[in-house]
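Engineer: Sharing a structure below in structure tokens format, with a few things to ask.
Residue numbers (our numbering): 6 to 178.
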């Protein structure tokens, strides 16, 4: 059997495999998974913006009005942090909400960059919790570190999708 016949058989087998029932079911499952992944990334963006805004507003309120409401030992590390850090964190959340609401590829990329920037900020918060433990174990260290990693990877995925979509739209034009 020569190379031409082998390639022809491989092509026919692949054609049969792609038209088979199991391939159609698999492609439907993959399409549903990709749709679910796109929805979950958008959901992660919204939840991250909500977390950023609420976390920063709590500390801005407590620092601006000096209420002393956060007297728990795990929050004492934030006593030495300036209010402007939390204002910057709040602005990052507002920028992410704006980037999510604007329907353009540039805004999608900006939203991905906001995700990556927020992952760095959540990483700093994780480090602050880790440094302030003083023999006390809090789940905040683990939760914020996992959240920071997840936000980094979703931001990276958002940017990659936007770049791919931009390439496809420029090739069609």
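The C-beta atom is built at its ideal place from N, Cα and C for all residues, glycine as well.
Assuming contact is defined by CB atoms lying nearer than 8 Å, are residue 57 and residue 120 in contact in what I supplied?
Structural biologist: The count along the chain shown starts at 1 and reaches residue 57 at position 52. The count along the chain shown starts at 1 and reaches residue 120 at position 115. Taking a C-beta distance under 8 Å as the contact criterion, residue 57 and residue 120 do not qualify as a contact pair.
Engineer: Measuring alpha carbon to alpha carbon, tell me which of 81, 85, 99, 61 ends up nearest residue 50.
Structural biologist: Numbered from 1 along the chain shown, position 45 holds the residue referred to as residue 50. Selected option, being the one with the closest Cα: 99.
Engineer: Would you list, in sequence order, the uninterrupted alpha helix (DSSP H) runs of no fewer than 4 residues that lie entirely inside the stretch 100 to 144?
Structural biologist: 110 to 136
Engineer: Quick check on DSSP: helix, strand or coil for residue 85?
Structural biologist: Residue numbering aside, residue 85 sits at position 80 when the chain shown is read from its first letter. Three-state result, residue 85: helix.
Engineer: Do you know offhand how far residue 105's Cα is from residue 81's?
Structural biologist: Mapped onto the chain shown, residue 105 falls at position 100. Mapped onto the chain shown, residue 81 falls at position 76. Computed Cα separation, rounded: 33 Å.
Engineer: If residue 130 sits next to residue 92, beta carbons under 8 Å apart, how far is it from one beta carbon to the other, in whole angstroms?
Structural biologist: Your numbering for residue 130 matches position 125 in the chain shown. Your numbering for residue 92 matches position 87 in the chain shown. Not confirmed; about 15 Å, so no contact.
Engineer: Taking the straight line between their C-alpha atoms, what separation do you get for residue 97 and residue 123?
Structural biologist: Mapped onto the chain shown, residue 97 falls at position 92. Mapped onto the chain shown, residue 123 falls at position 118. Distance between the alpha carbons of residue 97 and residue 123 is about 7 Å.
Engineer: In whole angstroms, give me the CA-to-CA distance for residue 144 and residue 88.
Structural biologist: Along the chain shown, one-based indexing puts residue 144 at 139. Along the chain shown, one-based indexing puts residue 88 at 83. Roughly 24 Å between the two C-alpha positions.
Engineer: Give me the Cα-Cα distance between residue 107 and residue 53, rounded to the nearest whole angstrom.
Structural biologist: Looking up residue 107 in the chain shown gives position 102. Looking up residue 53 in the chain shown gives position 48. For residue 107 and residue 53, the distance between alpha carbons rounds to 17 Å.
Engineer: Could you give the distance in angstroms between the alpha-carbon of residue 48 and the alpha-carbon of residue 156?
Structural biologist: For this step, residue 48 is matched to residue 43 along the chain shown. For this step, residue 156 is matched to residue 151 along the chain shown. Straight-line Cα distance between these residues: approximately 11 Å.
Engineer: Suppose contacts are defined by Cβ-Cβ distances below 8 Å. Is residue 158 in contact with residue 127 by that definition?
Structural biologist: Taking the chain shown and counting its residues from 1, one reaches residue 158 at position 153. Taking the chain shown and counting its residues from 1, one reaches residue 127 at position 122. Taking 8 Å as the Cβ cut-off, residue 158 and residue 127 do not qualify as a contacting pair.
Engineer: Count the other CB atoms within 10 Å of the CB of residue 163; is the residue buried (16 or more) or exposed (fewer)?
Structural biologist: In the chain shown, the residue the question calls residue 163 occupies position 158. A residue is called buried when at least 16 other Cβ atoms come within 10 angstroms of its Cβ; residue 163 meets this threshold and is buried.
Engineer: Residues in its own chain within less than 6 Å of residue 109 by CB, not counting five upstream and five downstream?
Structural biologist: By 1-based counting over the chain shown, the position of residue 109 is 104. Cβ neighbours of residue 109 beyond the five flanking positions: none.
Engineer: Below 7 Å CB to CB, which residues in the same chain sit around residue 136 once its five sequence neighbours on both sides are set aside?
Structural biologist: For the purposes of this step, residue 136 is taken as the residue at position 131 of the chain shown. Result list for residue 136: 82, in chain order.
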